[in-house]
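Heads up, the sequence shown is in the working numbering, so the first residue is 9 and it goes up one at a time.
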Amino acid sequence: MIVDAHTHIFPPEVAQRRETFCMMDKFFGELYGNPAVRIARVEELLAEMDGAGVDVSVLCGFGWASHELCVMHNDYLLDCVSRYPDRLVALAAAQPLAGDRALAEVERCLARGARGVGELMPDGQGYRLTEHHRIGGLFEYASERGFLVLTHATEPLGHDYPGKERVTPDTIWTLVQGYPKARLILGHWGGGYPFYELMPEVRKASRNVYYDSAASTYLYSPEVFLRVGEIVGYDKALWATDYPVLRQKRFLERMEQLSLSEEQRAAVLGGNAVKLFGLSDTE
Ligand SMILES: [Zn+2]
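Listed below in structure tokens is the structure:
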């Protein structure tokens, strides 16, 4: 089974009124202000999956600064999942700064089958992962309820790109220490966090931390799959495109060229996601 653990689709009104949403949400504007940047809908994602041989995609919410926009986005994602329950699962958009309203929204989405929350976009949403007094409610709740939290993550060095700000491994580490029971998925290979799992105390505290390969081709050479697998274990790495940022078919073809064992390949391309997102329940 092949699972894309990190994709983005938007409600039709966001694509139709792109400029309005760019004005309403500064971070959305930074990422999608350029009309050449694709905003995909569910039909396009499903066609992509069919063409690439992807069985299931994880739909991620955008990290809207406004709670109301998170709710709007979730309505669309939940509707898509209810229409294609064997092809799609969702992570709910949430603004942790909305406090109890955010928790109630997460609960609503979990009741409708969402597997957790994501993608958090701390810079766009106006907090840092170090500010536990402002965002801790969500992570306490995630620890208690056992749902997944996917956060955007960025490298503290290297080339610049829209959306690259301050979600660096040191800030993630405070979260891991503060909420060791929270099941975290770090997008984009955690901005380099896997390297620090070579430190025994970091490895010990990070047993509930997973990594996805969203947008990997733009950031790392393909061997990142091998190196991260060696360091953290191939059971903690999830193949993910960040669709439509990367195309599923091409990325899968690239995966063929990596010297992974059959077992490692199967785990990274889908087996790990099946376990983590509880996909056997829906199949
Ligand atoms: Zn991201």
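Positions of the beta carbon are idealized from the N, C-alpha and C atoms, including for glycine.
It is roughly 22 Å from the alpha-carbon of residue 227 to the alpha-carbon of residue 137. Between residue 145 and residue 99, the beta carbon gap of about 18 Å keeps them out of contact (Cβ cut-off 8 Å). Beta-bridge partners of residue 65 (DSSP): 12 and 96. Taking 8 Å as the cut-off, the Cβ atoms of residue 220 and residue 180 do not count as close.
In this structure, residue 161 sits near residue 201, with a CB-CB distance shorter than 8 Å. Taken atom to atom, the span from the alpha-carbon of residue 73 to that of residue 263 is near 35 Å. Per DSSP, reduced to three states, the secondary structure at residue 250 is coil, with no helix or strand assignment. The distance from the Cβ of residue 164 to that of residue 135 is about 18 Å, inconsistent with a contact at the 8 Å cut-off.
Assignment of residue 223 by DSSP, reduced to helix, strand and coil, places it in the coil class.
The set of residues with any CB-heavy atom separation to ligand 1 below 6 Å comprises, in chain order, 127, 160, 195, 196 and 222.
Under the three-state reduction of DSSP output, residue 161 falls in the coil class, being neither helix nor strand. In the DSSP assignment, residue 39 falls outside any beta strand (DSSP E) and lies within the alpha helix (DSSP H) extending over 34-40. When secondary structure is reduced to three states using DSSP, residue 191 falls in the strand class. The beta carbon of residue 233 sits closer than 6 Å to the beta carbons of 266 from its chain, once the five residues preceding and following it are set aside; these are given in chain order. The criterion of a C-beta distance shorter than 8 Å is satisfied by residue 12 and residue 248.
With a contact defined as Cβ atoms closer than 8 Å, residue 60 and residue 272 miss out at about 20 Å. A distance below 7 Å between beta-carbons, with the five flanking residues on each side excluded, links residue 22 to the following residues of its chain, in chain order: 29 and 47. Put simply, of 172, 208, 158 and 213 the residue whose alpha carbon is nearest the alpha carbon of residue 182 is 213. Taking residue 122 as the centre and dropping the five residues before and after it, the same chain places the C-beta of 98 and 100 closer than 6 Å to its C-beta, in chain order. Across the structure, residue 281 and residue 38 are spaced so that their CA atoms are roughly 30 Å apart. Secondary structure of residue 218 (DSSP, three-state): strand.
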